[in-house]
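The structure under discussion appears below in the form of structure tokens.
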Amino acid sequence: MPSSGRENLGWKIGNKDIGASFTKHRERTDVVPDIAGRPRVYLDIAIDAMPVGRIVCELFNDVVPKTAENFRLLCTGARGVGKRGKPLHYKGVKFHRIVPNFVIQAGDFTHGDGTGGESVYGPTFPDENLNLKHTAPGLLSMANSGKDTNSSQFFVCMKACPHLDGKHCVFGRVIDGMDVARRVESCGGSEPGGTAMIDDCGEIKGSGAAAISEDLAGPGLGDRPAKRRKAEVAEVQLLQIIKKHSGSKDPRDATGKEVKASKGRAKLALANIRKKLVMNPDLPSQQRSFAAFARETSDDPCAGTTAGDLGKVALGALEAQLEEVGFSLAVGEISEPFETPEGFHLLLRVS
């Protein structure tokens, strides 16, 4: 059963309600505006020692500078060995606590089981600012064992978690690779799907989208901008699901019936399918699920027999936008829904 989320996000201590009433302010202090120049770090993720992709995070150093700097330095490993004799570095650290539809938690590089950790300032450091709220999936927040006990353990929200407000310090957000975080999430639950760990990590130099797409763009980025570097390969094998809408070219479904759905409905249908697909723990199961959805839901008249398999396609064989997205995907990566004159598309690269 998915967790209700009403449990402590810290070390091994008794479960209790960690909700808190929030102080009201005249001005909004619980929402972080977009500000250029914030540090960006990456976490390369592996499941059962197999790389699955990269999570890129933006750190709110303008709101919580000490907490953000702690996380940045633990990503780079620049502070060397800590007082407990372990490297102050997230590299090689596993996600020791995964609660589907709630959080994925890591950062215990001293014990690896949620009972340890150490900050770059010493064993622990005080809460810096508890105003920011846990309003959406992808927010990064500090795990703790009570007031003023921040160390190295952190979690990524898999949904809005308002009951954590006022108890845990939000210090950043995932800006790229949320689909990779979902792969980690799929390792939790009653039937764990593997051991997820931070295979490598560091800081991305530069600013803006260029820093992601040009500097350290790793495999498996699921939420990157549509225009990205093409993979340096001559051909790829792709699966496709297409959803047409009333304004698309030849708006007919796989049976030849006229499609009257709006653009928004077509895009939402693919977004919902994608959410289900990224929960598959490995590429074979993901490919089987994608093929099943293609047969059942794609508006491509051939999908019933091809299961959406476009086969191996060479550079220049696809329409420009399909090629741009398809050749930018890592093996096992699912695109975001994107639009062409034919309708909205979802692609999976399988080789």
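Residue numbers for the sequence shown follow our numbering, so the first one is 87 and each next one is one higher. Virtual Cβ for every residue (Gly too), placed ideally from N, Cα, C.
Outcome for residue i when other beta-carbon atoms lying within 10 angstroms are tallied against a minimum of 16
i      : result
Lys253 : buried
Leu401 : exposed
Pro427 : exposed
Pro88  : Residue placement at Pro88 cannot be trusted, given a pLDDT of 37 that sits under 50; what the coordinates show is reported in the next sentence. The residue is exposed, with fewer than 16 neighbouring Cβ atoms inside 10 Å.
Pro248 : exposed
Gly232 : exposed
Met136 : exposed
Pro370 : exposed
Val364 : buried
Asp234 : exposed
Lys219 : buried
Ser332 : exposed
Thr196 : buried
Thr391 : exposed
Gly171 : exposed
Ser237 : buried
Glu419 : buried
Asp251 : buried
Asp148 : exposed
Val167 : exposed
Glu144 : buried
Ala389 : buried
Gly123 : exposed
Asp395 : buried
Ala320 : exposed
Arg265 : The question names Arg, but residue 265 is Asp in the sequence shown. Burial call: buried.
Ala267 : buried
Ser421 : buried
Ala406 : exposed
Ala357 : exposed
Gly208 : exposed
Residue i - partner residues in DSSP beta bridges
i      : result
Leu129 : Ile141, Cys287
His86  : Look at the range of the chain in this structure, 87 to 437, and you will see that residue 86 is not part of it.
Glu321 : Ala400
Met228 : Phe240
Ser205 : Gly208
Gly258 : Leu145, Leu226
Ile184 : Ile190
Pro173 : Val167
Glu344 : Arg338
Asp395 : Leu325
Ala377 : BP columns for Ala377 are empty, so no partner.
Ala135 : Answer is none; Ala135 lacks a bridge partner.
Ala282 : Ile133
Beta-carbon proximity list for residue i, same chain, < 7 angstroms, skipping 5 on both sides
i      : result
Asp385 : Ile328, Lys329, Lys330, Asp339, Ala340, Val345, Gly429
Glu155 : Asn147
Gly280 : Ile133, Asp134, Cys273, Pro367
Phe241 : Leu95, Val189, Ile190, Gln191, Ser227, Ala229
6 angstroms Cβ shell around residue i - same chain, five flanking residues per side excluded
i      : result
Lys353 : Pro423, Phe430
His175 : Gly163
Thr153 : Glu214, Cys255, Phe257
Gly121 : Strictly speaking, residue 121 in this sequence is Ile, with Gly absent from that position. Excluding positions up to five away in sequence, the list reads Asp148.
Phe211 : Ser205, Asn236
Range covered by the beta strand (DSSP E) that runs through residue i
i      : result
Asp148 : Taken as a continuous stretch (DSSP letters only), Asp148 belongs to no beta strand (DSSP E), as it is neither H nor E.
Ile190 : 189-192
Min CB distance residue i to chain C below 9 angstroms
i      : result
Gly178 : No chain C is present in this structure, which holds just one protein chain.
Spatial neighbours of residue i in its chain, beta-carbon cut-off 8 angstroms, leaving aside the 5 residues before and after
i      : result
Ala378 : Ala393
Val322 : Lys398, Val399, Gly412, Phe413, Leu415, Arg435, Ser437
Gly178 : Phe195, Met283, Ile284, Asp285
Ala246 : His220, Thr221, Ala222, Pro223
Gln239 : Gly96, Trp97, Gln191, Ala192, Gly193, Asp194, Gly200, Gly203, Met228, Ala229, Asn230
Val417 : Pro305, Leu369, Arg435, Val436, Ser437
Arg351 : His331
Gln373 : Leu325, Leu434, Val436
Leu216 : Asp251, Gly252, Lys253, His254, Cys255
Lys180 : Ala192, Gly198, Thr281, Ala282, Met283, Ile284
Residue i: first and last residue of the uninterrupted alpha helix (DSSP H) it sits in
i      : result
Val266 : 264-271
Glu409 : 406-412
Thr392 : 389-392
Arg124 : Unbroken run through Arg124: none, as it is neither H nor E.
Leu415 : Premise fails: Leu415 is in no alpha helix (DSSP H) and is neither H nor E.
Asn358 : 349-363
Should the stretch 211-230 be regarded as contacting the stretch 256-267, the criterion being three or more beta carbon pairs within less than 8 angstroms? Contact check between the stretch 211-230 and the stretch 256-267: three or more CB pairs, one atom from each, fall below 8 angstroms, which counts as touching.
Cβ contact (3+ pairs, closer than 8 angstroms) linking the stretch 397-414 and the stretch 334-349: A contact is defined here as three or more CB-CB pairs under 8 angstroms, and the stretch 397-414 fails this definition with respect to the stretch 334-349.
Pairing CB atoms from the stretch 125-136 with CB atoms from the stretch 272-289, are three or more of them under 8 angstroms? Of all C-beta pairs linking the stretch 125-136 to the stretch 272-289, three or more are shorter than 8 angstroms, placing the two stretches in contact.
Could you say if the stretch 281-292 and the stretch 156-163 meet the contact criterion of at least three C-beta pairs nearer than 8 angstroms? The stretch 281-292, when compared against the stretch 156-163, does touch it at the 8 angstroms Cβ threshold.
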